[in-house]
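Structure, as structure tokens:
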């Protein structure tokens with residue numbers, strides 16, 4: 016299937032379009048190796064919280080500080096004094112609220128999952144996402160990051176880079192994470208992409224967005240001919 020036959024879809028893309036788009040991006044940019052984590056799955060969880068509204072370089076500084084203290088572990092973070100945790104994650108900004116979120120997530124992970132992704136294996140996808148959204152400071156994007164990269168669930172991360180990409184491609188893109196996710200997630204999940212494919216798709220979308228920051232640059236990219 017070529018891009019011209021795939022792209023004539025009103026409103027939102029079709030599953031076939033999503034698959035073709037993914038394969039094209041993977042050939043041009045992949046592999047991305049997302050999510051960036053040095054050691055453990057739990058590091059991904061903490062990083063997903065800390066990266067909210069900040070650059071990844073700042074997150075790395077915070078993760079390095081937690082590692083240096085030997086506390087990048089759910090049981091330890093769950094009981095750490097808030098002031099100490101805030102100081103360690105200060106480079107990531109919004110450190111008071113983020114410290115609350117890290118501790119809320121850590122406690123849930125210990126108590127609900129036994130501090131292991133496998134501990135959530137029997138929780139249905141929708142229920143797991145609802146539980147994550149119920150934790151302090153966990154919004155839709157962070158919940159979907161955790162679903163996809165920690166718990167290996169098929170999920171679409173409807174972040175800003177994805178919103179910009181699909182708007183550039185000529186599709187209708189609802190405002191706000193919730194509306195965008197609601198409109199596009201069913202289509203993405205109807206495509207025959209595995210969890211690993213969806214992880215890579217998210218990485219590809221973000222890498223594309225960083226490399227081609229505006230519509231003019233996107234038009235000159237390998238996706239320029241895909242624009243409706």
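Numbering (this note's numbering), first residue to last: 16 to 243. For each residue, glycine too, the CB sits at the ideal point set by N, CA and C.
When Cβ pairs closer than 8 Å are counted between the two stretches, the region 161–177 is seen to touch the region 122–138, the count reaching three or more. Remark: C-beta atoms of residue 92 and residue 74 do not approach each other more closely than 8 Å. Listed in chain order, the beta strand (DSSP E) elements of length 3 or more contained wholly in the region 118–173 amount to none. Put simply, the region 31–50 touches the region 215–227. At least three CB pairs are less than 8 Å apart. Counting the other CB atoms within 10 Å of its CB gives residue 111 a total below 16, which places it among the exposed residues.
For the pair residue 232 and residue 34, the CB atoms are not nearer than the 8 Å cut-off. Short of 7 Å from the beta carbon of residue 114, and not among the five residues preceding or following it, lie these beta carbons of its own chain, in chain order: 97, 100, 101 and 104. Taking 8 Å as the cut-off, the Cβ atoms of residue 164 and residue 224 do not count as close. Between the C-alpha atoms of residue 29 and residue 95 there is a straight-line separation of about 47 Å. Here residue 68 carries a coil assignment [DSSP, helix/strand/coil]. Annotation for residue 220: 176, 177 and 180 place their beta carbon closer than 6 Å to its own, counting only its chain and skipping 5 residues before and after. Looking at 188, 182 and 63, the one whose alpha-carbon comes closest to that of residue 147 is 63. Considered as a whole, the region 26–93 harbours 30–44, 56–65 and 71–84 as its complete alpha helix (DSSP H) runs of no fewer than 4 residues, in chain order. Inclusion of residue 183 and residue 189 in the CB contact set at 8 Å is not warranted, their separation being larger than that value. Per DSSP, the continuous alpha helix (DSSP H) segment holding residue 234 begins and ends at 230–234. Residue 185 and residue 235 have their C-alpha atoms some 15 Å from each other. Residue 192 and residue 155 do touch by the CB rule: their CB atoms are close to 4 Å apart, below 8 Å.
Membership of residue 203 in the alpha helix (DSSP H) is indicated by the continuous run 192–205.
Rounded to the nearest angstrom, the gap between the Cα atoms of residue 122 and residue 89 is 7 Å. Listed in chain order, the non-local C-beta contacts of residue 106 below 7 Å within the same chain comprise 73, 76 and 77, local neighbours out to five positions each way being set aside. Residue range 210–226 is occupied by the alpha helix (DSSP H) that includes residue 210.
Of the residues assessed, residue 127 falls on the exposed side of the cut-off, its CB having fewer than 16 other CB atoms within 10 angstroms. Shown here for residue 69: same chain residues with a beta carbon closer than 6 Å to its own, the five before and five after excluded, namely 107 and 108 in chain order.
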